[in-house]
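Numbering (the working numbering), first residue to last: 842 to 1116. Note that CB positions come from ideal geometry on N, CA and C, so glycine has one too. Keep in mind it's a predicted model, so treat the numbers as computed, not measured. Single-structure report; data block below.
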């Protein structure tokens, strides 16, 4: 018998030191405490999210900070040992009867013809957050949300739109405080236009700090781009990366500050009120 035959075709194939131990998969049940292996962030599972980048788990630490982590192989530790977290199987659980805005969800909704009335918001981020929280309500009512690309365009847009009975415009404005430029641009617009707003510099700031895992929104000096300044101070990278954090953290009206919630609700009521 040759030495090759004595050990088989691969004399190293069965050596125990060449066999890698498989990383166990653990179902990420709510309140399971894990540690992110890359950053050391330790928290309890409080939810999940999905984007074009893949699946993410939400972890909340003991101070209430919530962060998103990608569900990658061996990315987490339990009792110091690496594990791969997997989402729980979808349960045939109770049907959600409430929408993200807290309203009663309408099942079997059919698309309806859009109303002539409109809601206008200042930018793309404002429109995206309104859709994320009030999207169901807006589809039920047939209300279209459009962005102005800046409040300076409001007067020209109103001339083109020509508000009238049954053709109302609701306008959501950032930083609507007494004496501001925004207030000056939104007064005396007629009975068929309603302007509401919130006092925050940007709609990001209308998201509760705890929702995005911070204690408070940073102070950014006047003259510095607010989003860029916030991302620099929080280590969020570019404003595009910061927006992804903000958008994916918001799941319902509970993640927003009260002034924004009240402002949007008043606009929906205004543009859907029977003449």
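Separation of residue j from residue i, as counted between CA atoms
{"i": "residue 1096", "j": "residue 1042", "result": "18 Å"}
{"i": "residue 926", "j": "residue 1101", "result": "36 Å"}
{"i": "residue 1051", "j": "residue 961", "result": "28 Å"}
{"i": "residue 986", "j": "residue 1035", "result": "14 Å"}
{"i": "residue 871", "j": "residue 898", "result": "10 Å"}
{"i": "residue 913", "j": "residue 970", "result": "28 Å"}
{"i": "residue 956", "j": "residue 863", "result": "57 Å"}
{"i": "residue 886", "j": "residue 1027", "result": "44 Å"}
{"i": "residue 1074", "j": "residue 1057", "result": "12 Å"}
{"i": "residue 1070", "j": "residue 1038", "result": "23 Å"}
{"i": "residue 1010", "j": "residue 1115", "result": "14 Å"}
{"i": "residue 1109", "j": "residue 1007", "result": "14 Å"}
{"i": "residue 968", "j": "residue 1024", "result": "20 Å"}
{"i": "residue 1044", "j": "residue 879", "result": "31 Å"}
{"i": "residue 866", "j": "residue 891", "result": "19 Å"}
Helix, strand or coil at residue i according to DSSP, with G and I counted as helix
{"i": "residue 947", "result": "coil"}
{"i": "residue 856", "result": "With a pLDDT of only 48 at residue 856, under 50, the local geometry of the prediction cannot be trusted, and the value read off the model is given with reservation. Of the three classes helix, strand and coil, the one that applies to residue 856 here is coil, per DSSP."}
{"i": "residue 1008", "result": "strand"}
{"i": "residue 895", "result": "strand"}
{"i": "residue 1053", "result": "helix"}
{"i": "residue 904", "result": "coil"}
{"i": "residue 1081", "result": "helix"}
{"i": "residue 882", "result": "coil"}
{"i": "residue 1095", "result": "helix"}
{"i": "residue 1030", "result": "coil"}
{"i": "residue 1089", "result": "helix"}
Whole-number beta carbon distance between residue j and residue i, since they are thought to touch under 8 Å
{"i": "residue 908", "j": "residue 918", "result": "Not really, about 15 Å apart at Cβ, beyond 8 Å."}
{"i": "residue 916", "j": "residue 877", "result": "7 Å"}
{"i": "residue 815", "j": "residue 988", "result": "The structure shown does not extend to residue 815, since the chain spans only 842 to 1116, so no value can be given for it."}
{"i": "residue 902", "j": "residue 889", "result": "At roughly 17 Å, the Cβ-Cβ gap does not stay under 8 Å, so residue 902 and residue 889 are not in contact."}
Unbroken alpha helix (DSSP H) run spanning residue i, endpoints
{"i": "residue 1118", "result": "The structure shown does not extend to residue 1118, since the chain is modelled only from 842 through 1116, so no value can be given for it."}
{"i": "residue 1067", "result": "1067-1075"}
{"i": "residue 996", "result": "995-1002"}
{"i": "residue 1025", "result": "1022-1026"}
First and last residue of the uninterrupted beta strand (DSSP E) at residue i
{"i": "residue 1102", "result": "Note, residue 1102: premise wrong, no beta strand (DSSP E); alpha helix (DSSP H) at 1099-1113."}
{"i": "residue 871", "result": "Careful: residue 871 lies outside any beta strand (DSSP E) and carries neither H nor E."}
{"i": "residue 919", "result": "917-919"}
{"i": "residue 924", "result": "922-927"}
{"i": "residue 988", "result": "985-988"}
{"i": "residue 960", "result": "959-962"}
(request) Would you check if there are 3 or more beta carbon pairs closer than 8 Å linking the stretch 994-1004 to the stretch 1015-1024? (result) Touching, no.
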